[in-house]
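**Student:**
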Amino acid sequence: TMSCLTAIDAGDGLNAFVHKTPELALEQARAADLRLKAGDAPAMCGIPLGIKDLFCTKGVPSQAASNILKGFKPEYESTVTAKLFDAGAVMLGKLNMDEFAMGSSNETSCYGNAVNPWQRKGSNVQLTPGGSSGGSAAAVAADLCLGATGTDTGGSIRQPAAFTGIVGIKPTYGRVSRWGIVAFASSLDQAGPMTKSVRDAAIMLGAMCGHDPKDSTSADLAVPDFEAALTGDVRGKVIGIPREYRMDGMPAEIEALWQTGIEMMRDAGAVVRDISLPHTKYALPAYYVIAPAEASSNLARYDGVRYGHRAKLTAGDGITEMYEKTRAEGFGPEVQRRIMVGTYVLSAGFYDAYYNRARKVRALIKRDFEAVFADGVDAILTPATPSAAFGLGEMSDADPIQMYLNDVFTVTVNLAGLPGIAVPVGLDQQGLPLGLQLIGRPWDEAGLLNHAHVLE
Ligand code: GLN
């Protein structure tokens, strides 16, 4: 804990931690020492972690990187952080992210972006750590902490993990409690660990998940021993390679990386099979209808009364002006765009044409996966991202679609509620990390982690 606290101060330039909690960390570390001395060594005992700012942490600022939650200190602890603390973990502070987890580059944060510790060979151009869990990825990659929590609605654990050369897993929907995590799109959101190795991810996931009566979508299932599942034995397992993920204009390096992964799985004794997920091309548009729709509803609660920021009012302003001014000042441009899109697709005249249509497409996407799993496929191997980390400021604000395209390989997994993991597999010609994604059967995080272990 002491060396991480020193590393965090030295790593301020990365802007990964937006709030540090050194006193709390030392207190938790002392308590962990006492537990160890008493012969009690829970899974995360004394392990220093960073916590994404989306998690409510009792008495500690939890702003979801938004000005509208300025100064908000929850009076309660999210289930995930409470479980991690019960398992002996130490919180070093809160981590940077895109505002309300909306983004793929960490540039929508009210704190300014976090920075990727990696740089292109011979260049000092600053790169994005990805998003929305960009601070989590930067902090783990730069060894400021041993692990971090992330959340993933459409790729926000897996894309930043791939951009920074670390491991990130999005569990099956319902595996990890969402209670106390600021909601973005409730039917898609899942929290998961971001770590340096698959083994660390297995241990940390075990401490994060489990049934929670406070989240009605939390599954009442036993938590497997994920670490014990890491045997490295994948002989006879069937790995599907979906042809629809072979995109036009995919960089040769990504194609080569994918081939490397295929060979690694084959060398380990797995059977590699071409598969088809025919509705893949509709996933991104369906996601960018459903996620904003749910967000527009979830974000209605930020009204200047209950949480955080309230705009200064002038004489004659009523409650409507108070809402309008507060929300105009408090939400950044990307969040405002999502609220507008969301309310539009849910509005009486357009509900069937957009929202209901997207829900039907979602069902078809889920069915595609069910069909290949029923056909004997154990896991699906794809690239995690369409490119390596890009430069900060490189994606233009004028074209949000360009940024949304980052999620092309990851959103299907959220729409289908499946577990997905990103593993670093190699470097590109400029020396930047690249990651592959494995998608598993529902509730088979254990198998997924074991497959990912083979790619390490
Ligand atoms: N980049 C996607 C979005 O902006 C995914 C975000 C996420 O997974 N939280 O919606």
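The numbers in the sequence shown follow the UniProt record's numbering, run straight up by one, and end at 481. Ideal placement from N, C-alpha and C gives every residue a C-beta, glycine not left out.
Have a look at the DSSP bridge pairing and note the partners of THR220.
**Tutor:** GLY172, VAL192
**Student:** Counting Cβ pairs closer than 8 Å, one from the region 461-476 and one from the region 249-263, do we hit at least three?
**Tutor:** yes
**Student:** Short check: CB of ILE33 to CB of LEU171, under 8 Å?
**Tutor:** Against a cut-off of 8 Å, the Cβ pair of LEU171 and ILE33 comes out as no contact.
**Student:** What is the DSSP secondary structure of THR368, reduced to helix, strand or coil?
**Tutor:** helix
**Student:** With a CB to CB cut of under 7 Å and the five nearest residues on each side skipped, what residues in its chain are close to ALA50?
**Tutor:** THR26, LEU30, PRO73, VAL115, MET116, LEU117
**Student:** Consider the C-beta atom of MET233 and the heavy atoms of the ligand GLN; say whether any pair is separated by less than 7 Å.
**Tutor:** no
**Student:** Are three or more beta carbon pairs between the region 434-448 and the region 180-193 nearer than 8 Å?
**Tutor:** yes
**Student:** Taking the beta carbon of THR46 as the centre, do at least 16 other beta carbons fall within 10 Å, making it buried, or is it exposed?
**Tutor:** When all chains shown are included, THR46 counts as buried.
**Student:** Given this structure, state the Cα-to-Cα distance separating VAL386 from ALA63, to the nearest angstrom.
**Tutor:** 55 Å
**Student:** Using only CA atoms, which one of THR256, THR174, SER134 lies nearest to GLU359?
**Tutor:** SER134
**Student:** Rounded to whole angstroms, how far is the Cβ of SER211 from the Cβ of GLU124, which I believe are closer than 8 Å?
**Tutor:** So it is not a contact: roughly 18 Å between Cβ atoms.
**Student:** Tell me the DSSP secondary structure of residue 486 in three-state form.
**Tutor:** Since the first and last residues shown for the chain are 26 and 481, residue 486 lies out of range.
**Student:** So, for LYS119: in the same chain, excluding its five sequence neighbours on each side, which residues have a beta-carbon less than 6 Å away from its beta-carbon?
**Tutor:** Beyond the five residues adjoining it in sequence on each side, LYS119 comes within less than 6 Å, by CB distance, of VAL43, HIS44, ILE76, ASP78 in the same chain, given in chain order.
**Student:** Could you tell me the distance, in whole angstroms, from the CA atom of LEU61 to the CA atom of GLY113?
**Tutor:** 10 Å
**Student:** Does at least one heavy atom of the ligand GLN sit under 7 Å from the Cβ of SER91?
**Tutor:** For SER91, the CB stays at least 7 Å from every heavy atom of the ligand GLN.
**Student:** Is the beta carbon of LEU324 sitting closer than 8 Å to the one on ILE364?
**Tutor:** yes
**Student:** Between ALA253, THR176, GLN88, SER301, which has its C-alpha nearest LEU389's C-alpha?
**Tutor:** SER301
**Student:** I need the boundaries of the alpha helix (DSSP H) containing ILE93, first residue and last residue.
**Tutor:** From DSSP, ILE93 is part of no alpha helix (DSSP H); its letter is neither H nor E.
**Student:** Helix, strand or coil, according to DSSP, for PRO142 in the structure here?
**Tutor:** coil
**Student:** With DSSP collapsed to three states, give me the class of VAL115.
**Tutor:** strand
**Student:** Apart from the five residues on each side of it in sequence, which residues of its chain come closer than 8 Å, Cβ to Cβ, to THR351?
**Tutor:** ILE93, TYR327, ASP328, GLY329, HIS334, ARG335, ALA336
**Student:** Would you be able to state if there are at least three C-beta pairs under 8 Å between the region 418-431 and the region 454-464?
**Tutor:** Verdict: no, contact absent.
**Student:** Less than 7 Å between the CB of ASP432 and some heavy atom of the ligand GLN, yes or no?
**Tutor:** yes
**Student:** LEU389 lies in the alpha helix (DSSP H); which residues open and close that run?
**Tutor:** 382-399
**Student:** Relative to the alpha-carbon of PHE398, which residue among ASP299, LEU109, PRO408, VAL150 has its alpha-carbon at the smallest distance?
**Tutor:** It is ASP299 whose Cα lies nearest to the Cα of PHE398.
**Student:** For the beta strand (DSSP E) holding ALA409, just list the boundary residues, first then last.
**Tutor:** Premise fails: ALA409 is in no beta strand (DSSP E) and is neither H nor E.
**Student:** On a CA-only basis, which of GLN427, TYR369, ALA226, VAL450 is nearest LEU406? Give me that one, please.
**Tutor:** It is VAL450.
**Student:** For the alpha helix (DSSP H) that GLY355 lies in, which residues bound it at each end?
**Tutor:** 344-355
**Student:** Taking 8 Å as the threshold, find out whether the region 364-377 comes into contact with the region 228-248 through three or more Cβ pairs.
**Tutor:** Fewer than three beta-carbon pairs drawn from the region 364-377 and the region 228-248 are found closer than 8 Å, and the two stretches are therefore not classed as touching.
**Student:** So, THR197 versus GLY442, is the Cβ gap smaller than 8 Å?
**Tutor:** yes
**Student:** Which residues in the same chain have their Cβ closer than 6 Å to the Cβ of PRO67, if we skip the five residues on either side of it in sequence?
**Tutor:** ALA112, GLY113, listed in sequence order.
**Student:** Using the DSSP secondary-structure output, state which residues sit across from GLY445 in a beta bridge.
**Tutor:** LYS195, ILE464
**Student:** With three or more C-beta pairs closer than 8 Å as the rule, is the region 186-205 touching the region 150-158?
**Tutor:** These segments touch.
**Student:** Taking a contact to mean a Cβ-Cβ separation below 8 Å, would you say SER130 touches MET428 in this structure?
**Tutor:** yes
**Student:** Got a sec, what are the start and stop residues for the beta strand (DSSP E) VAL165 sits in?
**Tutor:** Counting along the chain, VAL165 falls outside any beta strand (DSSP E), though it belongs to the alpha helix (DSSP H) covering 159-166.
**Student:** Given this structure, state the Cα-to-Cα distance separating GLY374 from ILE194, to the nearest angstrom.
**Tutor:** Near 38 Å, if we compare the C-alpha coordinates of ILE194 and GLY374.
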